Amino acid sequence: MTGRNDLWAPTPALVRLLTVVLLTVPVALLWRRPDLLVLVAPLAMVLVWSLVTRPSQVPERRFSLSHALLREGEQALAVVDVEPVPDADVMAAAVPPAPFVSGVPLERRREVADVDGIDVKPTSVVADAVAGEAGGPPLADGPRRLTVGVRLTRWGVRRIGPVQVAAVSPWGSFRWGPTGLEPLGLRTLPQPVAFDSAAPAPHPRGLVGTHRSVRPGQGSEFAALRPFQPGDRLRRIHWPRSTRGDGTLYVTSSYADEDTHVAVLLDAHYDVGRSGGVDGAASSLDRSVRAAASIAEHFLRQGDRVSLRVLSARTPLTVPVGTGRRHHVRVLDTLSRVVPSVSEETDARRVHLGISAGTLVVMISALVSPDALTQAATLAGRGVSVVVVDALVDPRQGEVVASDDKDPLARTAWRIRMLEREREVRAITAEGVAVVPWLGPGSLDVVLRELGRRGRGRGQGRSA
């Protein structure tokens with residue numbers, strides 16, 4: 009990024025100095041005042057020194073980030089490498105304020121508050137243009153590195169920059185910049201909240217996982233001892249039992265280990281509430297995204313297969329079914345790119361594609377959009393196990409978040425909408441959809457156990 013600031017220009021201090029010298033010298037000569045000449049002589053020397061040491065080259069600069077991927081609440085460094093030029097004295101870099109990006113002091117300093125009593129977050133750095141790293145020996149060659157600490161307080165793609173870089177010559181006579189460097193995006197992954205489930209996922213059907221099957225097969229849980237058959241592996245021979253019998257070889261049999269396909273549906277039509285970042289109050293979309301990250305992490309950790317679909321007209325994102333640590337990062341990265349959309353244009357037929365019989369569908373929604381309620385009821389009507397996590401409930405209070413609007417009419421409209429919402433929730437509950445609030449660990453245990461018993465009692469549903 010170049011412009012008129014991308015050159016060395018005289019500072020107001022130099023202009024004032026030049027004005028004083030040009031006015032004082034003629035007056036001293038005309039009025040024969042040698043004392044004025046004596047007084048202005050140091051200023052004239054500084055003026056000549058400043059003009060002689062005016063930098064003639066523009067510094068080369070590069071902007072980068074120390075990390076390409078972070079979790080919300082973690083810190084990164086905005087790194088500016090500036091090539092030193094002759095006669096440059098002091099260099100500085102600053103990161104402008106941005107939503108959910110706060111400065112982090114990289115050195116011990118006193119806390120400073122502005123006129124309103126709010127703590128000032130330092131997002132700038134000043135360094136000697138000729139000193140080495142951390143005030144070391146002068147650098148003959150190589151760039152001067154300026155680092156500014158930043159902390160990301162909310163998930164999403166956060167914009168860092170444009171970083172402003174500036175430098176001054178000796179005596180502060182000439183200034184280069186401030187010139188802006190192109191901003192960079194830093195992906196901030198959601199921080200999963202505390203979640204754990206002791207209940208097994210219903211309808212395990214895959215070949216790997218931690219859920220015990222009712223049928224024998226390759227697994228880790230002991231089932232019984234049986235006589236050796238052709239095809240059995242030698243490492244499964246149970247020698248203590250085989251040597252005590254009539255010479256018949258016995259082998260150990262086990263129950264097969266199976267996995268479940270968990271389809272996470274995230275309703276991103278609306279974002280109700282105001283987000284305060286990882287350290288403040290959470291909006292409904294904050295709770296939804298963090299709950300989705302926690303549920304995906306939990307099931308992937310125990311070997312299940314997880315897929316993700318985002319119900320949003322602006323960012324209709326999809327992550328196909330998969331497992332493993334890389335798949336977990338892929339899910340988190342997709343969640344970080346979620347953007348709410350008030351336009352309800354989701355095609356129900358596309359959402360159902362790929363959700364087969366035996367799939368556990370976990371829909372996370374504020375239950376404000378009728379489209380999400382329709383999706384849940386349609387899937388349940390096709391025989392698919394559906395659990396809806398109510399993200400409008402504050403885990404700390406255990407109830408729906410109240411409106412903080414100061415307008416009485418807006419608060420009344422919100423209460424009316426909440427009454428309609430309660431009626432809609434009762435309607436989908438009557439159709440077999442389990443609706444549970446997100447309260448942290450154990451939120452889904454009762455529902456998953458009930459779905460497991462229900463599935464064994466009436467069999468599997470059909471594909472959706």
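Each residue of the sequence shown is one higher than the last, beginning at 9 in this note's numbering.
Using N, Cα and C, we set each Cβ at its ideal position, and we do this for glycine too.
Treat the numbers as computed from the prediction; the structure is a model and nothing was measured.
Just mark residue i as buried or exposed, buried being the case when its beta carbon has 16 or more other beta carbons within 10 Å.
| i | result |
| --- | --- |
| Glu-80 | buried |
| Thr-326 | exposed |
| Pro-105 | exposed |
| Leu-274 | buried |
| Leu-31 | exposed |
| Ile-303 | buried |
| Asp-53 | The amino acid occupying residue 53 in the given sequence is Met; Asp does not appear at that position. Per the 10 Å Cβ criterion, exposed. |
| Thr-256 | exposed |
| Leu-25 | buried |
| Val-46 | exposed |
| Pro-50 | exposed |
| Gly-111 | buried |
| Trp-247 | exposed |
| Thr-268 | buried |
| Arg-431 | exposed |
| Ile-424 | exposed |
| Thr-367 | buried |
| Gly-253 | exposed |
| Arg-183 | buried |
| Thr-27 | exposed |
By DSSP, does residue i sit in helix, in strand, or in coil?
| i | result |
| --- | --- |
| Arg-24 | helix |
| Ala-17 | strand |
| Val-103 | coil |
| Gly-193 | strand |
| Asp-379 | helix |
| Glu-80 | coil |
| Pro-146 | Reliability of the predicted coordinates at Pro-146 is poor, the pLDDT of 42 falling under 50, and the value obtained from them is presented with this limitation in mind. Correct three-state label for Pro-146: coil. |
| Val-183 | Correcting the residue type first, residue 183 is Arg in the shown sequence and not Val. Note: Arg-183 maps to strand in three-state DSSP. |
| Ile-436 | helix |
| Pro-445 | strand |
| Pro-200 | coil |
| Asp-415 | coil |
| Gly-389 | helix |
| Asp-95 | coil |
| Ala-1 | In the structure as shown, the chain starts at 9 and stops at 472, and residue 1 therefore has no counterpart that could be examined. |
| Pro-348 | coil |
| Arg-70 | strand |
| Ser-110 | strand |
| Asp-43 | helix |
| Pro-34 | helix |
| Val-280 | coil |
| Pro-63 | coil |
| Pro-238 | coil |
| Leu-404 | It is Arg, not Leu, that sits at residue 404 in the sequence shown. In this structure, Arg-404 counts as coil in the three-state DSSP scheme. |
| Ala-399 | coil |
| Ala-384 | helix |
| Leu-257 | coil |
Determine whether the beta carbon atoms of residue i and residue j lie at a separation below 8 Å.
| i | j | result |
| --- | --- | --- |
| His-75 | Ala-86 | no |
| Val-165 | Arg-69 | no |
| Leu-308 | His-336 | yes |
| Leu-55 | Val-33 | no |
| Pro-63 | Asp-95 | yes |
| Arg-195 | Leu-316 | no |
| Ala-101 | Val-176 | no |
| Ala-276 | Ser-283 | no |
| Leu-452 | Val-444 | yes |
| Leu-192 | Phe-108 | no |
| Asp-341 | Leu-242 | no |
| Ser-292 | Ala-399 | yes |
| Val-286 | Thr-161 | yes |
| Ala-21 | Ser-181 | yes |
| Val-396 | Met-371 | yes |
| Arg-298 | Pro-235 | no |
| Ile-363 | Val-392 | yes |
| Ser-373 | Ser-296 | yes |
| Thr-260 | Leu-233 | yes |
| Pro-178 | Thr-61 | yes |
| Arg-40 | Pro-92 | no |
Assuming residue i contacts residue j under a Cβ cut-off of 8 Å, what Cβ separation, rounded to an integer in Å, is found between them?
| i | j | result |
| --- | --- | --- |
| Asp-279 | Pro-348 | 4 Å |
| Val-394 | Ala-410 | The pair is not a contact, with the Cβ atoms about 28 Å apart (cut-off 8 Å). |
| Val-98 | Leu-154 | About 11 Å; that fails the 8 Å criterion. |
| Val-369 | Leu-387 | 6 Å |
| Val-103 | Ile-168 | 7 Å |
Does at least one heavy atom of the ligand GTP sit under 7 Å from the Cβ of residue i?
| i | result |
| --- | --- |
| Pro-403 | Summarising the ligand content, the structure contains no ligands, and the ligand GTP is consequently not present. |
Q.
Suppose only complete runs of 3+ residues qualify. What are the beta strand (DSSP E) ranges in the region 295-342, listed by chain order?
A. Qualifying beta strand (DSSP E) stretches, in chain order: 313-319 and 326-330.
Q) Which ranges would you report for the beta strand (DSSP E) in the region 154-180 if only whole runs of at least 3 residues count? A) Within the region 154-180, the complete beta strand (DSSP E) runs of at least 3 residues are 164-168 and 171-176.
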